[in-house]
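Student:
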Amino acid sequence: MNGDVAPVRASGSARPVYSRITGTGGYLPERCVTNDELATRVDTSDTWIATRTGIRQRHVAAAGELASDLAYRASQRALERAGIAAADLGLIIVATTTPDMVFPSTACILQHKLGNRGSPAYDLQAVCSGFVYALAAADSALRTGQCRHALVVGAEVYSRILDWSDRSTCVLFGDGAGAVILSAADAPGILSTHLHADGSYSDILGVPGRIDHGRIEGSPFVHMDGNTVFRFAVKVLAEVAHEALDANALAPTDIDWLIPHQANLRIIEATARKLGIPMERVVVTVDRHANTSAASIPLALDEAVRDGRIRTGQHVMLEGVGGGFTWGSVLIRW
Ligand code: UT7
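No gaps in the numbering here: position 233 of the sequence shown is 1283 in my numbering, and each next residue is one more.
The following block contains the structure:
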């Protein structure tokens, strides 16, 4: 789905319909694990992790705490800030790589916890690009008049799919959830969405295991070729940002806030450098959250909205990249 802003008229409506984020929320599990604590379990150090990734700590879900639990907390906060009730939601999308179970979807479980009934609810799997993909899907639904308010969540418990004895992966990820309420509006809001995927890269980042006749066939843990992921991420994050800027006749100087997927500070810095955007205009949470996959962008967005950095009228560029490979952008006028 590639779309710049084509004002679509909802059936029966006289006015073009756009979508706008009207509330954000985030939730991080209580337990925080520092690099020093990890260094007591695997052969690593705070210095190695901090210099290679920028990560200093990550949050880890409690035993039995599931993606829908984190999603529920983040969603409640987003609903509160948007000033609407769960019953007002006409669509629920949860981007997650770590669903509560094979089925029903985490979105249906979340819907029940929130007390909404009848609205469509589904999970979207695009790994670390999941939130950007989900926001694009919700934007389309709103612009074609399918609903007035959508809940879009990124929620992950990566701690469940990490091999905690593998230092090359376990230091990189964390758990958390971020949510937004996307509402129909007379003016954007979301200016454009651009999504991409290339499945020929499926081998370089993944959890290959699958359930097969009651057994798990293949590894149930995250595997990756870190160097290839690094290079690919920097390349496509710069490309997709330029694609969005060109579609909206904007320049990098017009971007007030860049919110890239929070995988590694070096990836973020290299992307910002390629785009000519100073780090003062980049939202960074990877130091405190680590890589929370589909939750990383909405968590960073929520933080920057709540602390007052993001203000009305500003241009905010969200961009994700993740396993698949998948990548994409959402450009917003706040
Ligand atoms: O959402 C996308 C998810 N994935 C990513 O974002 C990963 C992207 N890639 C990266 O962030 C980086 O490639 C890493 C952080 C994973 C690795 O950084 P690097 O600078 O590319 O290091 P490297 O892979 O070249 O490894 C250098 C050394 C190796 O030792 P030798 O072979 O040179 O002796 C590793 O064994 O660092 C070693 N190493 C570690 N040492 C201490 C790997 N992990 C660790 C560790 N602590 N945790």
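Positions of the beta carbon are idealized from the N, C-alpha and C atoms, including for glycine.
1) For a test of the three-state rule: what should DSSP assign to C1082, helix, strand or coil?
2) On the three-state DSSP scale, how would you describe R1361?
3) Can at least three beta-carbon pairs, one atom from the segment 1249-1264 and one from the segment 1294-1304, be found at a separation below 8 angstroms?
4) Could you tell me how far apart the beta carbons of G1133 and H1244 are, in whole angstroms, since I believe they sit closer than 8 angstroms?
5) Identify whether T1074 lies in helix, strand or coil by the three-state DSSP scheme.
6) Does the Cβ of A1137 have 16 or more other Cβ atoms within 10 Å, making it buried, or fewer, making it exposed?
7) Does the segment 1210-1224 come into contact with the segment 1086-1094, if we say contact requires no fewer than three beta-carbon pairs (one atom in each stretch) closer than 8 angstroms?
8) State the DSSP-derived secondary structure class of A1060, mapped to helix, strand or coil.
9) If you draw a straight line from the C-alpha of R1167 to the C-alpha of Q1161, how long is it?
10) I'd like the list of long-range same chain contacts for A1060, defined as Cβ closer than 7 angstroms, with 5 residues on each side in sequence excluded.
11) Tell whether a beta-carbon distance below 7 angstroms holds between D1352 and G1104.
12) Kindly indicate which three-state DSSP category V1332 falls into: helix, strand or coil?
13) Return the CA-CA distance between A1235 and H1199, expressed in angstroms with no decimal places.
14) R1281: beta carbon under 6 angstroms from a heavy atom of the ligand UT7?
15) Closest by CA to G1370, which one among V1177, L1201 and S1155?
Tutor: Taking the coordinates as given:
1) strand
2) coil
3) no
4) With 8 angstroms as the limit, G1133 and H1244 do not qualify as a contact, their Cβ atoms being about 30 angstroms apart.
5) strand
6) exposed
7) yes
8) Since pLDDT at A1060 reaches only 49, below the 50 mark, its modelled position is unreliable, and no value is offered.
9) 7 angstroms
10) Bear in mind that a pLDDT of 49 at A1060, under 50, signals an unreliable position, so the model cannot answer this.
11) no
12) strand
13) 10 angstroms
14) no
15) V1177
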